[in-house]
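Which chain is which? The protein sequence lines are A and B, in order.
No gaps in the numbering here: position 439 of the first sequence is 439 in the UniProt record's numbering, and each next residue is one more.
No gaps in the numbering here: position 145 of the second sequence is 145 in the UniProt record's numbering, and each next residue is one more.
What follows is a single structure, written as structure tokens, with notes after it.
Protein chains: 2
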Amino acid sequence: MKKNDKLLIIPLGGLGEIGKNMTVFRYGDDIIILDSGLAFPEEDMLGIDLVIPDMSYIIENKDKVRAVVLTHGHEDHIGSLFYLLRQVDVPVYGSRLTLGLVEGRLKEYDVSAHNLIPVAPGDSLTLGQFEVGFIRVNHSIADALGIYFKTPVGTIVHTGDFKIDQTPVDGQMIDIHKFAELGNDGVLVLLSDSTNAERPGYTKSERTVSVALDEHFRSAKGRIILTTFASNVPRLQQAINSACQYGRKVALLGRSMVTVITKAQELGYMTIPEGILISVDEINRYPDRQMLILTTGSQGEPMAALSRLAARNHRSLELTHGDTVLIAASPIPGNERSIGRTIDALLRSGIHVVYERTSGIHVSGHASQEELKLILNLTRPKFLIPVHGEHRMLKHHSKLANELGIPKENVFIGENGQVFEFTAETGRMAGKVTAGKIFVDGLGVGDVGNIVIRDRRQLSQDGVLIVVVTLDKSRGCVLDGPDIVSRGFVYVRDSEALMEESRKIVKTVLERFENQPITQWAPLKAGIREALAKFLFSKTGRRPMILPIIMDL
Amino acid sequence: MKKNDKLLIIPLGGLGEIGKNMTVFRYGDDIIILDSGLAFPEEDMLGIDLVIPDMSYIIENKDKVRAVVLTHGHEDHIGSLFYLLRQVDVPVYGSRLTLGLVEGRLKEYDVSAHNLIPVAPGDSLTLGQFEVGFIRVNHSIADALGIYFKTPVGTIVHTGDFKIDQTPVDGQMIDIHKFAELGNDGVLVLLSDSTNAERPGYTKSERTVSVALDEHFRSAKGRIILTTFASNVPRLQQAINSACQYGRKVALLGRSMVTVITKAQELGYMTIPEGILISVDEINRYPDRQMLILTTGSQGEPMAALSRLAARNHRSLELTHGDTVLIAASPIPGNERSIGRTIDALLRSGIHVVYERTSGIHVSGHASQEELKLILNLTRPKFLIPVHGEHRMLKHHSKLANELGIPKENVFIGENGQVFEFTAETGRMAGKVTAGKIFVDGLGVGDVGNIVIRDRRQLSQDGVLIVVVTLDKSRGCVLDGPDIVSRGFVYVRDSEALMEESRKIVKTVLERFENQPITQWAPLKAGIREALAKFLFSKTGRRPMILPIIMDL
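If you want it as structure tokens, here you go:
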């Protein structure tokens, strides 16, 4: 250990965005990675399945990586582990439920899960020059952890995703005593969840959901279908409790619902009384008022179970008049329209749908302003790095800290790739490392970039028009064609005249090159492209991609 | 007039959706069309510019159409007039501002505006067997109208888009007396705006915005940039008033901002003191604290002025630290992410941004529950058709009516194309006419349908791969190729091996057809497509569109 080593904190994802959380902690030659998440593609990332952080910095320093530590099992925190572990084979520490979920995901990608090491809240261990400790926090998934690092320059605390739930469903409240103790001993840097930094007050307890659920369970005459994120184990537990109380059997719809509940039950995070779970095929054996169906699709995802039910094309279940659908989730920004469509489709079939924000069947999993302040006051950090949020959320979080007396120059709002450098006394933004988005498309990781996306965008707007000509290059004479094929441009059937005119225009271009040896294709192709683009735009107002292909005999 | 004629009300747009409002009123051989709007494309309508209602019913009955009457000048009420008037040349009645905006739009489409007839609130006129009257209402655009029809079977009232603003900015309150009078005389059917039927209470007065604006104008040290919908004339007037009061000049940014303000001023709907408007080029001649800039882009539209300013690529203006951006609009569902990105980009440049719902600089233009109840109580209709809303909004509106004592069987929730049939005593849903979405893409109206969209979707997901082969058909022998060209699939540079293997696979298929005359292309093309699709999916997990093109010599 060099005496003058500095602690570097480098977020590779999760700053200026909600998603793909990943932060590097480096001291000397020791690196610990906190979380390895994914993001879902934005609407202009056509055809992309997932987005993961650019991990170049980690790969370049792979010999220094001592471990990955995980805060909890949400996809935006574990979803790129499959790729990280292919690059760097290091131990992964996390709570049992987190690792249970990780294991399932790694299996899907054929990545070995040989080095997953469970930890419990209160545990601490030494990794290189770091002492790493785990703190229980509340969140919309069970077994979520905050993580602290004791380093030669001081203590760093990372809240993970959290809220302060004073009446948690599983009785396991966030360990505010540990945060207080760390604060007493002195915290150099706090990294804290900014998702709800714009929301005044306190986030409601998950417990309040059960009161609201109870009412619906008491009054519903038909089947109850409840949808929430499959990973929201506490909420699912509450729904199952209500089902027990009101004598309903429970069926699970949707792959991830089955996976998570099976795993959570196996690891003891859920208590499901014997005989209450039934399979989807058995639903019709029970009277409607004795059924609870837990399903995926709370975000209106077109392929999820709830959307299929709404569209009446689920293979094993049909909802009917008298059924009640409880949407126990709030829309992730961008999903409002698809959720609205799902709700409308359900209502049209005469199904009772409970979805309003005011219905009380959903509460957030993230801390609001008063909770953020409490964590700041408990830990009394010298420096704050707001994390896990879009820029305006980080900004709001920063303002809160200023109000509590943390000076502006001690709060760092950065971007992915920013290096935050700390000594025992000082902190500063010190340069940048490579950071960015890597696209996962099908089996490919990183083989689709901006050019491919740009082409897809053009194709998606006005389609493609292919012009094929067979030439004798040496004599500059057309042997066959031009043939024109188009897709996604116009109805071919209704546009024969347009295609015929297009062929004539290509012929006119070809005539300019006729009866002389053609030495380069480029001018000919460019000529065809320009003449056709101009003609087609004048006739249709569209700009399809034009691909001239020349065969030479 | 046949004594037993029935009144038909047929919505062709606006039911089960927000957008493309258009309703047909028919009695015997007389048809009046109320509004002719457009909708903006949903995210899966790739490359589509606009969506308009299917007007088949109108075109089939064009000889019966007596007039178009317009409620107000928003695009979702006037945006498909350009197409309607091409089909049916009839007079168009609307308020002066509405017609001013219509004129501009028709000019863009080269449609003659020879038959626009201005009306004022309080006017009524006879059109066929209809007496049509116009009622002043409040909305987020000036000069908005409700419309009633006195017909042989009874009186029909259509609210248009409305709110009840008791302290309107222009002093022109909705004519509740007229609604009361109609109610006293007896209303058979009410058609009423359902946009905010889910919102309890009252919508705030536009006047409250001025209080909030005032505060920002008083405290802002630098330039103020205010964005709202260009058509929100009352709001723009308030901003200009504040500018006057605090000694700021006003510049207009964005084409529609210039068009609407010019038109509104010309027609006397806005009062702009002499010398306060300056051109964008003059902005730098004035100190920052003497500038107000009104701009488009409140929805984060990528090409609008505000987005360009945020991205720092506006050709004539650059925002700097110290400027204040006021976003006086709320996101239309689906636009949250793009607005968020715009705000973040502005904040990153150190610009102060006011955007919170709680900031008071925006209020809705649509009636909330208490206002909807008031209109119901004033007009006391026998039947209600909730309009202008997605299904769940119509449903909520219907529930409100039930609470006020209108029986369930007298409230009709329908869809576009539904025929509502009324006599003096009875009302019922009576069959359907053609209704639906017509896509406008570039210059084409209706020439892009599901097949083209499906192709664009496939192209947008995984791109296209074109295989060209030149054959001698009579001998079944390959003369040139196979050549493979791909776009939007993979980086061509990184995938030479993949392309080489693809060529081999095509060759193998070709060999099966070799040395014999080829009578049909279809089996050969299908063989190439299948073999390649299977191979490419196994290697990449993607399904590009595969287009085999065969040239025959």
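Beta carbons are placed, not taken as given, at the ideal position from N, Cα and C, and that holds for glycine.
It should be emphasised that the depicted structure is a prediction, and the values quoted were computed from it without experimental measurement.
From what residue to what residue does the alpha helix (DSSP H) around residue i run?
i: residue 264 of chain A; result: 255-266
i: residue 30 of chain B; result: Unbroken run through residue 30 of chain B is the beta strand (DSSP E), 30-34; no alpha helix (DSSP H).
i: residue 504 of chain B; result: 496-512
i: residue 528 of chain B; result: 522-540
How should residue i be labelled, buried or exposed, when 16 other C-beta atoms within 10 angstroms of its C-beta is the threshold for buried?
i: residue 73 of chain A; result: buried
i: residue 335 of chain A; result: buried
i: residue 142 of chain A; result: buried
i: residue 366 of chain A; result: buried
i: residue 1 of chain A; result: Bear in mind that the predicted position of residue 1 of chain A carries a pLDDT of just 45, short of 50, making it too unreliable to give a figure here.
i: residue 132 of chain A; result: buried
i: residue 430 of chain B; result: exposed
i: residue 456 of chain A; result: buried
i: residue 55 of chain A; result: buried
i: residue 451 of chain B; result: exposed
i: residue 386 of chain B; result: buried
i: residue 218 of chain B; result: exposed
i: residue 109 of chain B; result: exposed
i: residue 369 of chain B; result: buried
i: residue 550 of chain A; result: buried
i: residue 211 of chain B; result: exposed
i: residue 154 of chain A; result: buried
Output yes or no for whether 9 Å exceeds the beta carbon distance between residue i and residue j.
i: residue 68 of chain B; j: residue 32 of chain B; result: yes
i: residue 266 of chain B; j: residue 235 of chain B; result: no
i: residue 134 of chain B; j: residue 66 of chain B; result: no
i: residue 270 of chain A; j: residue 240 of chain A; result: yes
i: residue 384 of chain A; j: residue 410 of chain A; result: yes
i: residue 502 of chain A; j: residue 535 of chain A; result: yes
i: residue 465 of chain B; j: residue 485 of chain B; result: yes
i: residue 198 of chain A; j: residue 396 of chain A; result: yes
Can you find the residues in the same chain that come closer than 7 Å, C-beta to C-beta, to residue i, ignoring five residues on each side of it along the sequence?
i: residue 322 of chain A; result: 221, 222 and 288
i: residue 345 of chain B; result: 310 and 311
i: residue 316 of chain B; result: 280 and 281
i: residue 460 of chain A; result: 46
i: residue 373 of chain A; result: 400 and 404
i: residue 548 of chain B; result: 467, 525, 528 and 529
i: residue 432 of chain B; result: 417, 418 and 419
With a CB to CB cut of under 6 Å and the five nearest residues on each side skipped, what residues in its chain are close to residue i?
i: residue 531 of chain A; result: 505 and 509
i: residue 565 of chain B; result: Because chain B spans 1 through 553 in this model, residue 565 of chain B falls outside it and cannot be assessed.
i: residue 421 of chain A; result: 6, 8, 428 and 430
i: residue 355 of chain A; result: 327 and 343
When the cut-off is 9 Å and only beta carbons count, does residue i lie next to chain D?
i: residue 353 of chain B; result: Checking the listed chains, one finds no chain D in this structure; the protein chains it contains are A and B.
Could you tell me the boundaries of the beta strand (DSSP E) in which residue i lies?
i: residue 555 of chain A; result: The structure shown does not extend to residue 555 of chain A, since chain A is modelled only from 1 through 553, so no value can be given for it.
i: residue 432 of chain B; result: 427-432
i: residue 107 of chain B; result: Per DSSP, residue 107 of chain B belongs to no beta strand (DSSP E); it is in the alpha helix (DSSP H), 96-108.
i: residue 193 of chain A; result: 187-193
i: residue 67 of chain B; result: 65-69
i: residue 126 of chain B; result: 124-127
Answer yes or no: the CB of residue i versus the heavy atoms of the ligand ATP, is any distance below 8 Å?
i: residue 390 of chain A; result: Of the ligands one can find in the structure shown there are none, so the ligand ATP has no counterpart to examine.
Can you find the residues in the same chain that come closer than 8 Å, C-beta to C-beta, to residue i, ignoring five residues on each side of it along the sequence?
i: residue 107 of chain B; result: 113
i: residue 87 of chain A; result: 55, 58, 59 and 62
i: residue 216 of chain A; result: 224, 324, 326, 354 and 361
Determine contact between the region 12-29 of chain B and the region 483-497 of chain A, defined as no fewer than three beta-carbon pairs at a distance below 8 Å.
-> no
Using 8 Å as the Cβ pair cut-off and three pairs as the minimum, do the region 79-96 of chain A and the region 104-116 of chain A touch?
-> yes
Between the region 442-451 of chain A and the region 534-544 of chain B, do at least 3 Cβ pairs fall closer than 8 Å?
-> yes
Are the region 152-168 of chain A and the region 190-209 of chain A touching, with three or more C-beta to C-beta distances below 8 Å?
-> yes
Three or more C-beta pairs closer than 8 Å, one from the region 339-358 of chain B and one from the region 294-305 of chain B: is that the case here?
-> yes
Is the region 460-480 of chain B touching the region 57-64 of chain B, taking contact as three or more C-beta pairs under 8 Å?
-> no
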